[in-house]
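First up is the structure itself, then whatever we jot down about it.
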Amino acid sequence: MKKNLLSIDVGGTSLDANLILDFEPVDVFEAYVDHFPVLQPIFDLRTLGAGGGSIAKIDNKLLTVGPESAGAEPGPACYGRGGREATLTDAALHLGYITASNFMGGKMEVQIH
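Numbered according to the numbering used here, the sequence shown spans residues 2 to 114.
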């Protein structure tokens, strides 16, 4: 039986994804950083402008996320620093994927509006 999974890293401004097929990360053998070639095989990472600070909105009855970002300042609305637009972090907090009492290991207070 093959064991496949999708590895995802969500940062503040982006989401990085890598497909793992039968316990092996998918490699690419031709890649570029900016316009410079990478001269060795690397993991096939895909990046989306959809991190925790990415702004979610409804546009023509369609939910869109990013690439606009609330940034670190003011940040997501839950930071209580004046951010007014909903972000992925705000949604995760409201849905219970993030707990307010343990946000950033309890080092930062967040507000649920």
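Beta carbons are placed, not taken as given, at the ideal position from N, Cα and C, and that holds for glycine.
### Message
Here's the rule: buried if 16 or more other CB atoms are within 10 angstroms of the residue's CB, otherwise exposed. What is T88?
### Response
When all chains shown are included, T88 counts as buried.
### Task
Measure the C-alpha to C-alpha separation of M109 and G53 and round it to an integer number of angstroms.
Taking the straight line joining both Cα atoms gives about 15 Å.
### Task
Determine, using beta-carbon pairs with one atom in the segment 43-52 and one in the segment 26-35, whether at least three such pairs fall under 8 Å.
Yes: the two stretches touch, three or more of their Cβ pairs being nearer than 8 Å.
### Query
If you drop the 5 nearest sequence neighbours on each side, which residues of the same chain put their C-beta closer than 6 Å to that of V39?
Hits under 6 Å: A32.
### Task
Buried or exposed for D91, please, with buried defined as at least 16 other CB atoms from any protein chain shown within 10 angstroms of its CB.
By the neighbour-count rule (16 or more Cβ atoms within 10 Å), D91 is buried.
### Message
Starting from A78, trace the beta strand (DSSP E) in both directions and tell me its first and last residue.
### Response
Boundaries for A78: no beta strand (DSSP E) harbours it, and the DSSP string shows neither H nor E there.
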